[in-house]
Each structure stands twice: as C-alpha cells, then as structure tokens.
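*Asks:*
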C-alpha cells in the first residue's frame with residue numbers, strides 16, 4: 020500500500036506546476052482556489068491535493084469540450100463542469116453554463132431533425148411508429164443552472180420565453196395547415212418531437228413547483244389533442260385543477276371546431292376525464308396502440324359541466340359522416356370510429372343518453388367496414404382502464420383463447436395467441452411462454468418469445484426469486500445483454516447470503532458478455548454491468564477487468580458511456596409494445612466514481628485510455644466529481660480493512 024504522502028506527490032506529478040501569481044491570460048481559466056478551512060486542525064493536505072487535481076481536470080475538460088464535434092456532448096460536459104466548479108469559480112461556471120445552453124439549443128434541433136426523419140422512415144415502411152423519447156438538453160442545462168443560480172435560471176427561461184412566442188405563431192400556422200391537410204395515417208399521437216421537448220421542459224418546471232411557468236411553456240404544444248398534451252394537463256390537474264380544466268376546455272373547443280378531428284382525438288381526450296395517464300389509439304387496419312404513464316385512477320369530484328362538454332364534443336366528432344374509404348385521411352379510419360364508439364358507448368348511456376340512439380346507428384353503418392378485431396365484443400381493450408372492480412375484470416388470456424375456435428386462418432390464430440401471450444406476460448403468468456410457442460409464424464414467434472421471457476425475468480427479479488431468474492436467463496430467448504442483466508441482478512440478490520454463488524454468477528455473466536460481438540454497443544454495457552456488483556465482492560478483479568472494458572469501449576465509436584437503457588420491443592401489424600428502462604450499471608459514471616474513491620491516479624489513467632470524446636469525458640467527470648464530493652473522507656486505500 021502506498022503511503023499517503025507518496026499518493027499526493029504522484030497526483031501532483033500528473034499536472035504542470037501552477038504559474039506564478041498574476042492576472043490570468045485571456046482565454047485561460049483562473050487558478051483554482053482551495054476551499055477555505057474552518058481551522059488549521061481541520062486542514063487535510065491530501066484532501067486538498069486531490070481537490071486541486073479534480074478542479075484542474077474539470078477545467079481542462081471544459082476547455083476541451085468547446086471543440087467537441089457532438090453538440091450534445093459539448094452541452095452536457097460544459098453544463099456538468101459548470102455545476103462541479105460552482106463552489107470554486109462561480110464566474111467561470113456562469114460562462115460555462117451559457118456556452119452549454121448555446122450548444123444544447125443546437126443539439127435539441129438536431130435531435131428533433133433525426134427523430135422526425137426516423138418517424139418518416141417508419142411511416143414509409145408501413146405499420147405503426149415506435150419511437151423512444153430522446154434527451155432534452157436545454158432542460159438538463161436549465162435544471163443544473165437554476166439549482167446553482169436563480170438569476171441565471173431566469174435568464175435561460177427568458178430565452179425560452181422568446182422561443183415560446185415564436186412557437187405559438189408556428190403552432191397557429193401548423194394548425195391552419197392541418198385543417199387543410201389532415202394528418203398522415205397511423206400517427207394519432209401527432210406533433211413533432213420539438214413540441215414534445217417543450218412539454219418535457221414544462222413537466223420539469225411543474226415538478227419543481229412552478230405551475231404557472233410550466234403552463235406558459237407548454238402552451239404552444241397544447242393546440243392539438245396529442246397524447247403528451249393530455250398527459251401534461253393531467254399532471255397539471257394534480258397541482259392546479261382549475262388551470263388544468265380551463266386548458267382542457269380550450270382544447271375541447273378547438274377539437275370541436277376542427278373538421279379534421281377524428282375518433283383517435285376523442286379517445287385521447289377521454290383519458291383526461293376517465294382514464295388519466297392511459298390512452299388507446301386505433302390504427303386504420305385495426306391494430307391497437309396503448310400508452311400508459313402512471314396511475315389511471317379517475318379524478319375525484321370531476322366537474323360535471325366539463326364532463327358533459329367532453330361527451331358532447333365526442334358525440335359531435337364520432338357522428339360526423341365518414342368519408343369514402345379512398346378519401347378517408349383520418350388517423351384511424353373507420354376502424355377507429357367503430358371501436359371508440361363501442362368503447363365509450365356505456366359512458367354515453369350514463370352521461371349523455373340523448374346521443375345513444377344516433378351513436379348506435381353510426382355503429383351499425385360502420386360495421387361492414389370494421390375489421391374483426393375491433394368488432395369483437397370480448398376484446399379486453401373495450402373496457403381497458405374503465406373497469407375498476409377487479410371482480411368484474413375478465414380473464415384476458417382466457418378471452419383470447421376462447422376465440423380460437425372461431426378463427427379460420429393461421430394468421431387469425433397467431434393474432435389470438437399473441438394477444439393471450441402478451442396479456443399473460445403482463446401479469447407474469449407462466450402460461451405466457453407456452454402461448455408464445457404456439458404462434459406458427461417463426462419471425463413473430465421468435466420476437467414474442469424474447470419479449471415474454473424478458474417480462475417474466477423482470478417479474479422474477481421483482482419477487483427476488485433467484486432460481487427462476489437463472490432458469491429464464493439460461494434457457495430463455497433473451498438477448499446476451501438481457502441475460503447479463505438478469506445474471507448480475509441474481510448475483511446482487513445472492514451476495515449477502517451466498518457470496519460464492521454471487522461470484523459464480525458474475526463469472527457466468529462475464530462469459531455471456533463476451534459472446535456479444537466486438538463492435539456492438541451492448542458489449543461494453545454488459546462488461547460495465549458485471550463490474551459494478553463485482554467491485555462490492557472482489558475489487559481487485561475489477562481492476563483486472565478494466566483493460567477488456569477499455570478495449571470494448573474503444574471498439575465502438577458510437578458508445579457514449581451514458582444513457583444506458585434496457586429496451587425490448589415487440590411489433591407486428593396488429594400489436595406494438597415497447598419497454599424501456601434506465602440502467603445505471605450500463606454507464607461509466609457509477610463505476611469510475613467508485614474507482615476514483617479507491618485510487619484516483621489509476622482511475623484518471625484509465626479515463627485517458629478511452630479514445631472516444633464522450634467516454635473519456637464521462638469517465639473524467641465521474642472521477643473529478645467523486646473526489647470533489649468526497650474530499651473530506653480518506654481514500655479507501657488509506658483505510659484499514661476490517662477482518663471478516
């Protein structure tokens with residue numbers, strides 16, 4: 020073990036000596052000022068040495084970030100550097116925050132362009148659109164800046180306010196264009212991701228308690244009945260019911276006046292009144308898209324007048340004469356109109372009975388053109404979110420199986436097996452896998468088995484059932500990365516009671532990680548997932564793993580070292596489901612923060628070995644921020660280890 024003084028000397032040797040005291044040169048950061056100490060007795064020279072080194076690391080990285088090619092990385096690094104340097108150099112931090120804001124503005128525009136391009140590509144390929152929500156860089160910068168400096172946060176909000184006013188003008192123009200040119204099929208959720216970014220920022224403001232400002236920034240995105248718009252108003256209602264109800268009433272009025280409003284718009288709006296955080300949209304071919312973002316318990320004491328206004332608007336839209344099939348440009352076509360009338364009919368009977376006869380007549384008229392799946396009275400989607408009494412809820416799995424006798428083609432039978440399997444996997448029912456195996460189409464079966472096994476593995480981990488988790492990981496159809504995740508979670512669950520088993524499972528996970536092809540982003544993510552729990556059990560082995568990790572990271576130019584997620588998709592022409600969850604263990608930051616507390620020198624050298632701008636920056640920031648947040652504590656290597 021190195022003596023503490025030797026560690027301090029080696030740290031200082033990494034960096035050039037400080038220049039003599041003088042005014043800083045143009046473009047150079049001022050020398051870092053050590054944090055003042057309460058008394059000489061509290062002064063720790065080793066801690067101050069580490070702090071000085073950390074500040075130098077961050078300052079150098081912030082300067083390097085100005086030349087990064089990736090605007091997203093440029094914004095994030097400068098914002099995080101500003102946050103880390105705040106207690107040492109506030110004026111420099113303010114300048115870094117402003118540079119980060121400019122980079123974030125450009126990055127958000129580029130993100131929007133790419134997502135819209137992906138959406139157009141998926142539409143051109145046919146079927147429904149599945150998109151993961153991208154990062155909102157301006158929101159990230161604003162959050163960090165406002166935490167440090169209220170005035171700076173207001174400055175950024177003012178810039179957003181200027182953009183908001185422009186967006187309001189743009190939204191009005193888009194709405195006028197939409198009335199003349201109805202939205203393309205299969206895009207009922209609707210607006211651009213730039214608009215959805217605005218709602219994400221508004222949600223952030225709402226979570227921070229600034230409901231008034233949140234409404235201001237969401238306003239341009241509340242011109243059409245999109246899923247995100249309705250979800251935002253739903254969230255707002257929890258903090259400001261009167262304001263939310265007013266926004267919803269205004270949205271209802273726009274929908275009623277818009278001749279292009281369709282059944283999917285009605286279904287989306289019904290979420291606010293009857294199924295908060297749950298939206299169901301129908302595709303032209305009869306496929307279902309379900310979106311859920313939280314509890315679906317209906318609001319208490321909902322204003323009767325506003326509910327009646329919704330029912331009247333819904334009836335008005337649903338009773339419009341359908342256009343001829345070759346001229347129908349609504350998002351869901353006649354399939355959506357038929358199904359939404361059938362789904363909401365019990366509510367019309369309860370709250371607007373005068374409209375029921377007309378709606379039943381419309382339903383009959385649409386029957387010949389409605390696909391079988393939307394005409395099926397046993398379809399669980401008819402009551403999804405509307406039935407609150409568990410005793411009254413049907414067995415969705417058995418419902419689908421009961422319809423098999425009426426299926427006349429393999430395609431129909433496969434659709435019913437898919438429906439039953441998805442319903443079973445959603446409730447962690449072990450029947451899900453055998454039902455998936457009954458699907459005849461091999462491509463659909465393979466995709467479904469992977470989705471079902473992942474859901475079952477999640478259920479086993481939630482129940483802390485190590486044996487079941489291992490069975491699925493070893494015999495199921497999950498990807499290598501998903502298997503690594505399951506094995507490492509099983510190791511975590513076993514570590515306290517059975518350390519040898521946990522180590523064996525991590526060895527197994529390490530072998531699984533190496534089955535991933537070099538050059539794929541999943542390989543470094545998998546190795547990171549193994550390293551995190553392994554450090555808790557045997558730190559020395561983690562250092563031995565680092566050369567393989569560096570090699571794996573450097574082999575994947577697009578690997579950023581952050582935003583690690585587990586994503587599983589199932590998609591056919593009739594069904595689409597996606598699960599996405601953040602996994603911190605797939606990122607560089609947690610591991611390098613741990614390594615920095617053990618041996619800062621060694622962690623810094625490892626970070627330098629990454630050839631990509633993003634992994635190197637993420638790892639370096641992790642090392643430096645860990646030291647700055649922990650300089651009052653001695654390094655792990657200086658602590659005597661307690662004997663077991």
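Numbering (the working numbering), first residue to last: 20 to 663.
We put the beta carbon where it would ideally sit given N, CA and C, even for glycine.
1) Alpha carbon to alpha carbon, how far is residue 607 from residue 463? Give it in angstroms, no decimals.
2) What are the boundary residues of the alpha helix (DSSP H) that residue 252 is part of?
3) Could you check if residue 488 belongs to the surroundings of the ligand NAD, using beta carbon to heavy atom distance under 6 Å?
4) If I measure Cβ to Cβ from residue 496 and keep anything under 6 Å in the same chain, skipping five residues before and after, which residues do I get?
5) Under 8 Å: do the stretch 303-318 and the stretch 269-277 share three or more Cβ pairs, one atom per stretch?
6) Grouping DSSP H, G and I as helix and E and B as strand, with all else coil, what is residue 339?
7) Please classify residue 359 as buried or exposed, where buried requires at least 16 other C-beta atoms within 10 Å of its C-beta.
8) Using the C-alpha atoms, what's the distance from residue 423 back to residue 610?
9) Less than 7 Å between the beta carbons of residue 723 and residue 329, yes or no?
10) On the criterion of 16 or more Cβ atoms from any shown chain inside 10 Å, does residue 97 qualify as buried, or is it exposed?
11) Taking only the alpha-carbon atoms, compute the straight-line gap between residue 82 and residue 109 and give it to the nearest angstrom.
12) Use the C-beta contact count for residue 486: other C-beta atoms within 10 angstroms, 16 or more gives buried, fewer gives exposed.
13) Using DSSP with H/G/I as helix, E/B as strand and the rest coil, what is residue 662?
14) Please list the segments of the alpha helix (DSSP H) lying wholly inside the stretch 367-427, counting only runs of 4 or more residues, in order along the chain.
15) Quick check on the DSSP output: what are the complete alpha helix (DSSP H) runs of length 4 or more inside the stretch 504-587, in order along the chain?
16) Would you kindly work out how many angstroms separate the C-alpha atoms of residue 441 and residue 254, rounded to a whole number?
17) Under 7 Å between the Cβ atoms of residue 646 and residue 69?
18) Going along the chain, which residues of its own chain have a beta-carbon closer than 8 Å to the beta-carbon of residue 115, five neighbours each way excluded?
19) Kindly identify the DSSP beta-bridge partner or partners of residue 601.
20) DSSP on residue 71, reduced to helix/strand/coil?
21) For residue 601, is the classification buried or exposed, using 16 other Cβ atoms within 10 angstroms of its Cβ as the cut-off for buried?
22) Put residue 207 into one of helix, strand or coil per three-state DSSP.
23) Could you tell me the alpha carbon to alpha carbon distance between residue 380 and residue 365, rounded to whole angstroms?
24) Measure from the alpha carbon of residue 141 to the alpha carbon of each residue in 528, 217, 590, then state which is nearest.
25) For residue 638, name the three-state secondary structure that DSSP assigns.
26) Since residue 311 is in the alpha helix (DSSP H), which residue starts that stretch and which ends it?
27) Taking one C-beta from the stretch 300-309 and one from the stretch 255-269 each time, how about it: are there three or more such pairs within less than 8 Å?
28) Which residues does DSSP pair with residue 300 in a beta bridge?
29) Please report the straight-line C-alpha distance between residue 71 and residue 613, rounded to a whole angstrom.
30) Of the residues 320, 249, 282, 262, which one's Cα is nearest the Cα of residue 295?
31) Report the CB separation of residue 327 from residue 370 in whole angstroms; it is logged as a contact under 8 Å.
32) By DSSP's criteria, residue 594 is part of a beta bridge. Which residues make up the other side?
33) Do residue 561 and residue 529 have their CB atoms nearer than 7 Å?
34) Quick check: what's the CA-CA separation for residue 282 versus residue 443?
35) Quick check: what's the CA-CA separation for residue 84 versus residue 604?
36) Classify residue 655 as helix, strand or coil using the three-state DSSP reduction.
*Replies:* If we stick to the structure as given:
1) For this step, residue 463 is matched to residue 444 along the chain shown. For this step, residue 607 is matched to residue 588 along the chain shown. Counting only the Cα atoms, residue 607 lies some 35 Å from residue 463.
2) The residue you call residue 252 lines up with position 233 of the chain shown. First-last of the alpha helix (DSSP H) with residue 252: 246-258.
3) Ligands in the displayed structure: none, and consequently the ligand NAD is not present.
4) Along the chain shown, one-based indexing puts residue 496 at 477. Result list for residue 496: 468, 469, 472, in chain order.
5) The count of Cβ pairs closer than 8 Å, one atom from the stretch 303-318 and one from the stretch 269-277, stays below three, leaving the stretches out of contact.
6) Indexing the chain shown from 1 puts residue 339 at position 320. In this structure, residue 339 counts as coil in the three-state DSSP scheme.
7) Counting from one through the chain shown, the residue named residue 359 turns up at place 340. Looking at its Cβ environment, which holds 16 or more other Cβ atoms inside 10 Å, residue 359 is buried.
8) On the chain shown, position 591 is the one that residue 610 refers to. On the chain shown, position 404 is the one that residue 423 refers to. Distance between the alpha carbons of residue 610 and residue 423 is about 51 Å.
9) No answer is possible for residue 723: it lies beyond the span of the chain, which begins at 20 and ends at 663.
10) The residue given as residue 97 occupies position 78 in the chain shown. Residue 97 comes out buried.
11) As a working note, residue 82 is residue 63 in the chain shown. As a working note, residue 109 is residue 90 in the chain shown. The alpha-carbon atoms of residue 82 and residue 109 are separated by roughly 16 Å.
12) As a position in the chain shown, residue 486 is number 467, starting the count at 1. Answer is exposed; the Cβ neighbour count stays below 16.
13) For the purposes of this step, residue 662 is taken as residue 643 along the chain shown, with counting starting at 1. Below a pLDDT of 50, predicted positions are generally treated as unreliable, and residue 662, at 36, falls in that range; the measurement from the model is reported next regardless. The DSSP-derived three-state label of residue 662 is coil.
14) Listed in chain order, the alpha helix (DSSP H) elements of length 4 or more contained wholly in the stretch 367-427 are 375-385, 391-394, 415-421.
15) Complete alpha helix (DSSP H) runs here, min 4: 518-532, 541-556, 558-573.
16) Position 422 of the chain shown, counted from the start, is the residue given in the question as residue 441. Position 235 of the chain shown, counted from the start, is the residue given in the question as residue 254. Going from the Cα of residue 441 to the Cα of residue 254 covers about 28 Å.
17) As a working note, residue 646 is residue 627 in the chain shown. As a working note, residue 69 is residue 50 in the chain shown. It is a contact, given that the beta carbons lie within the stated cut-off.
18) Here residue 115 is taken as the residue at index 96 of the chain shown, counted from 1. If we look at residue 115 and ignore the five residues flanking it on each side, its Cβ neighbours are 81, 97, 98, 100, 101, 104.
19) On the chain shown, position 582 is the one that residue 601 refers to. Listed as beta-bridge partners of residue 601 by DSSP are 584.
20) Stepping through the chain shown from its first residue, residue 71 is reached at position 52. In the three-state DSSP reduction, residue 71 falls in the helix class (H, G or I).
21) As a working mapping, residue 601 is identified with position 582 in the chain shown. When all chains shown are included, residue 601 counts as exposed.
22) Working through the chain shown from its first residue, we reach residue 207 at position 188. Confidence at residue 207 is low in this model, with a pLDDT of 37, below 50, so the placement of that residue should be treated as unreliable; the coordinate-derived value is given next. Of the three classes helix, strand and coil, the one that applies to residue 207 here is coil, per DSSP.
23) Against the chain shown, residue 380 aligns to sequence position 361. Against the chain shown, residue 365 aligns to sequence position 346. Those two C-alpha atoms are separated by around 15 Å.
24) Walking along the chain shown from the start, residue 141 turns up at place 122. Among 528, 217, 590, the Cα nearest to that of residue 141 is on 590.
25) As a working mapping, residue 638 is identified with position 619 in the chain shown. Residue state, collapsed to three classes: helix.
26) The sequence position of residue 311 within the chain shown is 292, counting from 1. In the DSSP annotation of this structure, residue 311 is not part of any alpha helix (DSSP H); the continuous beta strand (DSSP E) holding it starts and ends at 307-311.
27) With the cut-off at 8 Å, the stretch 300-309 and the stretch 255-269 do not touch.
28) Residue numbering aside, residue 300 sits at position 281 when the chain shown is read from its first letter. According to DSSP, which records beta bridges pairwise, residue 300 is partnered with 308.
29) Here the question's residue 71 lines up with position 52 in the chain shown. Here the question's residue 613 lines up with position 594 in the chain shown. Whole-angstrom Cα-Cα distance: 19 Å.
30) Translated into the one-based positions of the chain shown, residue 295 becomes position 276. Answer by Cα proximity: 249.
31) For the purposes of this step, residue 327 is taken as the residue at position 308 of the chain shown. For the purposes of this step, residue 370 is taken as the residue at position 351 of the chain shown. Yes, they are in contact, since the Cβ atoms of residue 327 and residue 370 sit about 7 Å apart, within 8 Å.
32) The sequence position of residue 594 within the chain shown is 575, counting from 1. Answer is 307.
33) On the chain shown, position 542 is the one that residue 561 refers to. On the chain shown, position 510 is the one that residue 529 refers to. The answer is no: Cβ separation not under 7 Å.
34) Here residue 282 refers to the residue found at position 263 of the chain shown. Here residue 443 refers to the residue found at position 424 of the chain shown. Cα to Cα, the separation comes out at about 29 Å.
35) Translated into positions along the chain shown, residue 84 becomes position 65. Translated into positions along the chain shown, residue 604 becomes position 585. In a straight line, the C-alpha of residue 84 is about 25 Å away from that of residue 604.
36) Position 636 of the chain shown, counted from the first residue, corresponds to residue 655. With a pLDDT of only 41 at residue 655, under 50, the local geometry of the prediction cannot be trusted, and the value read off the model is given with reservation. Secondary structure at residue 655: helix, using DSSP grouped into helix, strand and coil.
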